[in-house]
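Following: one structure in structure tokens, then a few remarks.
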Amino acid sequence: MLTDDTKESIRAAYARLKEGLPGFRARASQGKMIAEVAKALAQEGGAAVIEAPTGTGKSMAYLIAGVEVARAQKKKLLIATATVALQEQLVQRDIPLYLKLNGREAKVALAKGRGRYLCPRNLAMARNSVQDAGQMGLGFDADLALWSKPPAERDKQVLSKLAGAFDRAEWDGDIDNAPETPGDMLRAMITTSAGGCTGRKCGQFMACPFFAARRAVGDAEIIVANQDLVLADLTMPREEDGFGGVILPKPDEVLYIFDEGHHVPSKAIDRGASDVHMSVAVRQLSRLGRQIHAAYSLTDKEVIGKLTLDASDQKLQELSDALEELEKDIRLAWLPSPDDDEPMYRGSLGQLPESWVEHARALYVFTGEMERWIGAVRRAVLEMTEGGPTNEALSRELGMALERIDRQLRTWRAWSSEDRDGAPPLARWVTLTADQQLVCHASSVSAGALLRSVLWGNASAVVMTSATLSAGGNFRGFADAVGLPDEAVTLSLPSPFNLAVQARLEVPALKALPDAREAHVQEITDWLAANLDWDAGNLVLFTSRAKLDRVLQKLPIEYVRKVRAQGSLGKAQLVNEHIADIEAGKGSTLFGLASFGEGLDLPGKLCETVVITQLPFAVPTDPVGATYAEWLESRGRNPFIEVTVPEATRLLTQYCGRLIRTETDHGRIVLLDRRVVLKRYGERMLNALPPFARVIERAA
């Protein structure tokens with residue numbers, strides 16, 4: 001319940017914000033958002049979804065409401081974002097500014113997963129292994145070696161620099177702030193996963209950056225985290241009961257704000273996805289067998305987990321044989337077309353051939369037994385009173401083996417279980433890699449049921465916000481995707497900008513539609529060459545790498561020289577070079593895919609034209625989306641109208657949002673896809689877009 005005292009503290013905080021921020025302009029949409037966030041967070045089990053367009057000032061709005069309500073209720077405020085950039089903005093700028101303006105003090109913590117922190121144990125092992133280059137693994141058996149290949153000279157130099165900085169306390173072990181960026185191989189070596197971490201058993205526990213960060217999170221009043229970490233925590237079962245509160249504070253003690261909330265459904269689905277690379281799994285079992293032998297030898301035990309060494313060899317062989325039998329059955333039953341670029345067998349409505357399901361049932365039993373037994377072996381190694389480098393390396397390897405076994409277990413459970421009546425089925429499919437290796441996959445197709453159980457029915461209160469959550473104010477698609485409670489508030493705030501004056505939406509009279517691939521590519525190229533202001537700042541968005549590359553191939557060379565294409569350099573470097581050229585009075589045009597259509601902030605002259613080459617419909621071969629679409633059709637529903645069009649509309653709105661970033665911006669959005677004019681769904685999409693001025697050319 002929102003008390004009068006809390007209302008007054010929120011009003012006072014907002015007043016201090018108005019007085020303290022130079023150039024502050026009161027916006028009705030920001031005031032409305034503050035009120036709705038406060039009401040939702042103050043109610044036990046409160047839930048709200050708020051669409052707040054660019055310029056609303058949503059970060060400060062939810063901080064004003066969230067901090068004051070959390071303080072009044074003596075709860076923690078947790079802000080979950082999808083990007084590192086927003087996390088850093090909140091921790092380094094927005095939250096300190098809010099606290100300073102209001103004369104508040106609060107402990108603030110940035111929560112990240114283990115993989116974003118240095119593992120001191122692994123760092124020490126990597127340093128020692130470089131000195132023992134003959135073995136590349138501290139003199140261990142090759143199965144415990146850290147380096148998969150001899151380290152490059154740069155790897156050695158980076159390793160030395162990181163180790164020195166950490167030893168001198170000049171670096172706190174946050175990989176994102178490392179004094180030198182490690183390459184992918186080195187980063188994997190000096191960080192760890194949950195499985196590879198031995199926690200309090202580790203000799204480096206007190207110096208561990210991850211556990212130092214976790215202690216800071218425990219003390220914090222305001223926590224900023226990425227959505228993956230928050231969802232990982234929410235789906236972890238607690239020892240006593242319920243879910244969550246394992247990595248982060250207990251959900252019933254937390255007020256959650258999910259910024260960039262449109263990412264939540266896909267991230268939640270990804271949490272439950274699993275796969276098994278069949279031949280890799282068999283090879284890993286062989287490697288695991290040798291590590292198990294080392295564990296029996298190291299612990300000097302004849303029996304671990306009720307198995308002798310001979311019996312353990314037999315169990316590993318049984319699992320290996322079962323994997324090979326399933327692979328043989330799949331290869332006999334499925335003959336991919338040689339014309340398929342990415343061969344896939346997808347079970348219709350998630351149903352696989354019965355013989356595959358039988359194999360999966362057996363594998364589920366074998367893998368479950370294996371997981372329990374490897375856990376016992378690892379505990380035996382961890383409990384040794386006299387450890388050492390070999391002990392630490394073996395503990396790490398067995399922990400990571402347990403993670404791999406868990407992924408297999410989840411896959412075989414999904415393949416062998418029956419879908420719940422009335423609920424969407426699991427997606428189950430098989431792919432063939434470029435080197436002809438089989439991979440078995442499983443995934444849920446909707447996050448709704450999961451989020452209903454671990455979030456909405458578990459947290460003290462939840463607010464989700466983003467610039468694009470609805471399709472023209474209709475939240476049905478998003479509500480279904482996140483399992484939104486019926487009583488939740490949904491609100492779409494108006495843009496604070498005068499979009500009808502500041503922006504123009506153009507739909508040129510192209511003849512070719514996107515399905516006529518080469519003809520459409522040619523028309524895009526011709527339009528860009530003839531109509532784009534190449535001396536200005538532009539952003540051209542594509543839905544496929546192939547089309548982007550083809551346009552670049554066809555574009556006259558004098559224009560190609562002014563293009564910065566995604567993939568040619570890192571995103572940050574491309575954007576920085578683009579900004580530098582525009583500020584120097586030169587023209588620059590960014591060519592990008594979906595990730596450039598979201599979160600890219602190029603105000604003023606940095607982007608005066610946004611070209612959208614094609615409506616952003618989902619790829620029709622996506623097995624998760626295809627399975628969900630089949631299920632909707634089986635129930636007499638239209639997946640294209642219910643899911644595909646609303647999601648494409650949301651993405652289109654997101655892309656359009658790259659243009660107007662401030663009250664003084666002006667420019668045009670050009671859509672080179674005539675389906676918005678010719679198809680029946682097009683009118684719905686156009687009507688759902690913000691109120692830009694429109695110029696729709698008539699076909700000749």
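Heads up: the sequence shown begins at 1 in UniProt numbering, then just goes up one per residue. Beta carbons: idealized from backbone N, C-alpha and C, even for Gly.
Buried or exposed: residue i, going by 16 or more other Cβ atoms within 10 Å of its Cβ?
i    : result
N687 : exposed
T6   : buried
M60  : buried
S443 : buried
D340 : exposed
S312 : buried
N458 : buried
G103 : exposed
K18  : exposed
S337 : exposed
R11  : exposed
K58  : buried
D526 : exposed
D321 : exposed
Y98  : buried
G134 : At G134 the pLDDT is 44, less than 50, meaning the model places this residue with poor confidence; the figure from the coordinates comes in the next sentence. Looking at its Cβ environment, which holds fewer than 16 other Cβ atoms inside 10 Å, G134 is exposed.
A584 : exposed
Thinking residue i and residue j are a contact (beta carbons under 8 Å), I'd like their distance in whole angstroms, please.
i    : j    : result
Y14  : I257 : Contact flag wrong, Cβ pair sits at about 17 Å.
A447 : V501 : So it is not a contact: roughly 39 Å between Cβ atoms.
L615 : L652 : 6 Å
G473 : P646 : So it is not a contact: roughly 11 Å between Cβ atoms.
L363 : L323 : 7 Å
T662 : L382 : With a Cβ gap of about 56 Å, T662 and L382 do not count as contacting.
V246 : L110 : Between L110 and V246 the Cβ distance is about 18 Å, and since that is not below 8 Å, they are no contact.
A471 : R650 : 6 Å
Q437 : M278 : 7 Å
D329 : W356 : 6 Å
Can you name the start and end residues of the beta strand (DSSP E) that residue i belongs to?
i    : result
I223 : 222 to 226
R658 : Element bounds for R658: n/a, residue is neither H nor E.
L332 : Note, L332: premise wrong, no beta strand (DSSP E); alpha helix (DSSP H) at 309 to 333.
F591 : 588 to 592
G20  : No beta strand (DSSP E) contains G20, which is instead part of the alpha helix (DSSP H) from 4 to 20.
W429 : 427 to 432
Y345 : 344 to 346
With distances taken Cα to Cα, identify the nearest neighbour of residue i among the options.
i    : options                : result
S568 : Q204, E523, V643, G592 : G592
L671 : A509, M236, S286       : A509
E642 : T662, L659, D480       : D480
G347 : Y628, Y681, G682, Q654 : Y628
V507 : I524, R550, F497       : I524
A546 : I330, P485, T613       : T613
G597 : S588, P53, V610, L90   : V610
R561 : A126, H293, H578       : H578
G31  : I50, Q43, G46          : I50
E487 : W456, F497, P623       : W456
D270 : R121, L349, L426       : L426
V69  : M1, V91, A126, A28     : M1
How long is the line joining the alpha carbons of residue i and residue j, rounded to whole angstroms?
i    : j    : result
A461 : S453 : 14 Å
L409 : L231 : 20 Å
R698 : V619 : 29 Å
W534 : L255 : 48 Å
Q314 : L123 : 36 Å
P265 : M464 : 11 Å
E518 : V282 : 44 Å
L159 : E403 : 26 Å
A449 : L555 : 48 Å
K287 : E371 : Strictly speaking, residue 287 in this sequence is Arg, with Lys absent from that position. Straight-line Cα distance between these residues: approximately 16 Å.
G137 : S395 : Interpretation of G137 is limited by its pLDDT of 40, a score under 50 that renders its predicted location unreliable; the figure taken from the coordinates is listed afterwards. So the alpha carbons of these two residues sit roughly 14 Å apart.
F140 : T490 : With a pLDDT of 42 at F140, under the threshold of 50, the modelled position of this residue cannot be trusted; read the value that follows with caution. Their Cα atoms are separated by approximately 59 Å.
L541 : L659 : 12 Å
E318 : D300 : 25 Å
H263 : A80  : 11 Å
Y117 : C440 : 31 Å
E253 : K75  : 5 Å
D233 : C202 : 22 Å
Kindly indicate the opening and closing residues of the alpha helix (DSSP H) around residue i.
i    : result
H578 : 571 to 583
K107 : Element bounds for K107: n/a, residue is neither H nor E.
W412 : 389 to 416
D300 : Neither: D300 is in no alpha helix (DSSP H) and is coded neither H nor E.
Answer yes or no: does any C-beta atom of chain D fall closer than 8 Å to that of residue i?
i   : result
L77 : In summary, chain D is missing from the structure at hand, where a single protein chain is found.
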